[in-house]
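When you number the sequence shown by our numbering, it's gap-free, plus one each residue, and the end is 350.
These notes are about the structure you will find just below.
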Amino acid sequence: MKVQDIMIRTPQSCNWNANLATVAEALWAGDCGSLPVVDDAGKVVGMLTDRDICIALGTRNQPASEITAREVVSGHLFACAPNDEIHKALETMKAQKLRRLPVLDKAGKLQGILSLNDLALHAEKQVGKKVPDLSYEDVVETLKAICEHRLPLAAAA
């Protein structure tokens, strides 16, 4: 099974110059917890989560309308490609503790989003010796790895 078989093909995104008030409205309207952030050329530069917005607003003395996505998005982008095997994407999600992965073409342009929701909805129960392409166990193991608590930054230092 390939990522393109189950990814969301028409994901929302936000421009890196969008302010956090606009991004928060898009998250609310789209009933999602994160958005890919794209530069002016349409290349994905990162993911912005509702948590990122909350932390930015809680640690700065500025209104959401005065902070841009570019100021908040981290420079660490983990992604997959449409033709990647689904298990390769699962390994990235586990290792990086990510609930969503942007799906990018070779030029870095957004092609889709792969989320835990997509994985859960496409997982199949193993019947007898026939192992499905994406099993319930695959999804549960991924979720367990993602949910495992990280050490606080102060403790890790």
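Glycine included, C-beta positions come from ideal geometry on N, C-alpha and C.
This structure is a prediction, so every number in the text was calculated from the model and none was measured.
Item: Pull up the distance between the alpha-carbon of aspartate 277 and that of lysine 318, whole angstroms please.; Value: 22 Å
Item: Once you ignore the five residues that flank threonine 335 on each side, which residues in its own chain have a CB closer than 8 Å to its CB?; Value: Leu283, Met286, Lys287, Leu309 and Leu312
Item: If contact is defined by three or more beta carbon pairs under 8 Å, each pair taking one atom from either stretch, is the stretch 291 to 308 in contact with the stretch 318 to 331?; Value: no
Item: Counting only the same chain and skipping the five closest in sequence on each side, list residues whose C-beta sits under 8 Å from that of asparagine 210.; Value: Asp233, Thr261, Ala262 and Arg263
Item: Counting Cβ pairs closer than 8 Å, one from the stretch 226 to 241 and one from the stretch 252 to 261, do we hit at least three?; Value: no
Item: Hey, how far is the Cα of leucine 220 from the Cα of histidine 269?; Value: 21 Å
Item: Using three-state DSSP, classify arginine 263 as helix, strand or coil.; Value: helix
Item: Quick check on arginine 253: does DSSP put it in helix, strand or coil?; Value: coil
Item: Do you know how far the Cα of alanine 316 is from the Cα of valine 332?; Value: 7 Å
Item: Would DSSP call glutamine 197 helix, strand or coil?; Value: helix
Item: Cα separation between glycine 223 and lysine 302?; Value: 20 Å
Item: So glycine 352 is in the beta strand (DSSP E); what residue range does that whole segment cover?; Value: No answer is possible for residue 352: it lies beyond the span of the chain, which begins at 194 and ends at 350.
Item: Are the Cβ atoms of proline 325 and glutamine 304 separated by less than 7 Å?; Value: no
Item: For methionine 240, which residues does DSSP report across the bridge?; Value: Pro229
Item: Taking just the CA atoms, how far does lysine 290 sit from threonine 215?; Value: 26 Å
Item: Using CA coordinates, which residue listed in Met194, Arg244 and Phe271 is at the minimum distance from valine 265?; Value: Arg244
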